[in-house]
Amino acid sequence: MRATLIFNPVAGQREMRTPLHNVVGYLTEQGWSVEWKETTPDISATALARQAVAAGAEVVIAAGGDGTINGVLQALIGQPQVRLGILPTGTANVWARESGISNVSLLGANLERAGEVLVNGVTLPIDVGKAGDRYFLLMSGVGFDAHVTRHIDLRFKRSLGALAYAWTAVYEALKYRGARVRIIIDGEEITRNGWLVTISNSKLYALVPLAVNASVTDGMLDIGIFAGRQWPHILRQAIAIVLGQHMRDPEVEFLRGKEIHVQSVPPLPVHVDAEPIGHTPMTFSVVHKAVRIIVPREMAGPMSEPTSLMIASAAPEPTG
Numbered sequence: 273m274r275a276t277l278i279f280n281p282v283a284g285q286r287e288m289r290t291p292l293h294n295v296v297g298y299l300t301e302q303g304w305s306v307e308w309k310e311t312t313p314d315i316s317a318t319a320l321a322r323q324a325v326a327a328g329a330e331v332v333i334a335a336g337g338d339g340t341i342n343g344v345l346q347a348l349i350g351q352p353q354v355r356l357g358i359l360p361t362g363t364a365n366v367w368a369r370e371s372g373i374s375n376v377s378l379l380g381a382n383l384e385r386a387g388e389v390l391v392n393g394v395t396l397p398i399d400v401g402k403a404g405d406r407y408f409l410l411m412s413g414v415g416f417d418a419h420v421t422r423h424i425d426l427r428f429k430r431s432l433g434a435l436a437y438a439w440t441a442v443y444e445a446l447k448y449r450g451a452r453v454r455i456i457i458d459g460e461e462i463t464r465n466g467w468l469v470t471i472s473n474s475k476l477y478a479l480v481p482l483a484v485n486a487s488v489t490d491g492m493l494d495i496g497i498f499a500g501r502q503w504p505h506i507l508r509q510a511i512a513i514v515l516g517q518h519m520r521d522p523e524v525e526f527l528r529g530k531e532i533h534v535q536s537v538p539p540l541p542v543h544v545d546a547e548p549i550g551h552t553p554m555t556f557s558v559v560h561k562a563v564r565i566i567v568p569r570e571m572a573g574p575m576s577e578p579t580s581l582m583i584a585s586a587a588p589e590p591t592g
């Protein structure tokens, strides 16, 4: 198995080269050939992934956080001969938790488990979202969370991890103002005063369920609209999200669609997978089964849409 490992050395809170080298040693014992590449301020994960595809890699392994995965993802769309593997070494590692690739705790991700998934897992075609010309695996946010992502101190993030997002969110909420938002979902238009709009491909937001009915294989995006424009709305609804009660909030609504256009007055910031990408207006869409990702064998069925659950679980493609 020819693989390229793309490591982001500034992801997460700990030095991860030694644990990653241990995983590479395990993969080598299993017959894999792994080329090690590292991102730098001048060389992005996307650029390295494109080089790997051009060089004939069969698997491109993203070793970093969700932002690193997002960078590698950009190069793998429309490349069905290449699979995406994950070794989670980032701050939140949301995809690792969503997909069951690794057991994530406050001490970090279980890389030994993630290495075993690369060898013994199955390959599943996964949907991706698209915001403008940027693809995303997890979700895109319009408004407050994108504002927080833009204002977080990277040194603070590296020392405190996910707590840095919570601290920045509390600080920024006190002065944040939402907007009048116009949303067109598959041709149907609605207008709201809102502080946050989420466009989800997957269920998790940070490490809590947000779009509880979302699926990464159903060819749809789940749109969450959070009404209100100032900190009392933000605080109340944020607490509801953490407690899993947001679906009962009358000022929170979830809709589904394949193409979503969002514009606002004033313009609101936008992020994908915690990476800032611009401002509204922006159009979002789903690309059905656009990338092939290695996931745990036991997750192939649960991650597939109900109509093809039996097919996906009965005949997944082995990776080894």
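Taking our numbering, the leading residue of the sequence shown gets 273, the next gets one more, and so forth.
Even glycine gets a Cβ: it sits at the ideal position worked out from N, Cα and C.
- Using a 10 angstroms sphere on the CB of Gly459, the tally of other CB atoms stays under 16, which defines it as exposed.
- Counting along the chain, no beta strand (DSSP E) covers Arg385; the unbroken alpha helix (DSSP H) around it starts and ends at 383-392.
- Burial of His518 is indicated by the presence of at least 16 other C-beta atoms within 10 angstroms of its C-beta.
- Every unbroken stretch of the beta strand (DSSP E) spanning 3 or more residues and falling wholly within the stretch 477-530 is given here in chain order: 493-499, 524-529.
- By the beta-carbon neighbour count (other beta carbons within 10 angstroms, threshold 16), Asn485 is exposed.
- In this structure the stretch 333-349 lies against the stretch 358-369, because at least three pairs of beta carbons, one per stretch, are closer than 8 Å.
- Assignment of beta-bridge partners to Trp308 by DSSP yields Leu277.
- For the pair Val563 and Leu345, the CB atoms are nearer than the 9 Å cut-off.
- Per the DSSP secondary-structure output, Leu396 pairs in a beta bridge with Ile565.
- For the pair Gly350 and Pro538, the Cα-to-Cα distance works out to about 35 Å.
- In this chain, the alpha helix (DSSP H) harbouring Arg322 covers 317-326.
- The beta-bridge partner set that DSSP reports for Asn465 consists of Arg452.
- When the Cα atoms are used, Val394 and Val542 turn out to be separated by approximately 33 Å.
- Put simply, the stretch 473-490 touches the stretch 507-516. At least three CB pairs are less than 8 Å apart.
- By the CB criterion at 9 Å, Val469 and Val558 fall outside the cutoff.
- Apart from the 5 residues on each side of it in sequence, Arg501 sits with its Cβ closer than 8 Å to the Cβ of Arg449, Gly450, Ala451, Asn465, Gly466, Trp467 in its chain, given in chain order.
- In this structure, DSSP gives Val559 an extended state, which the three-state scheme calls strand.
- In this structure, Ser371 is the residue among Ser371, Glu444, Arg286 with its C-alpha nearest to the C-alpha of Ile398.
- For Ser371, the uninterrupted alpha helix (DSSP H) segment begins and ends at 366-371.
- Secondary structure at Leu356: strand, using DSSP grouped into helix, strand and coil.
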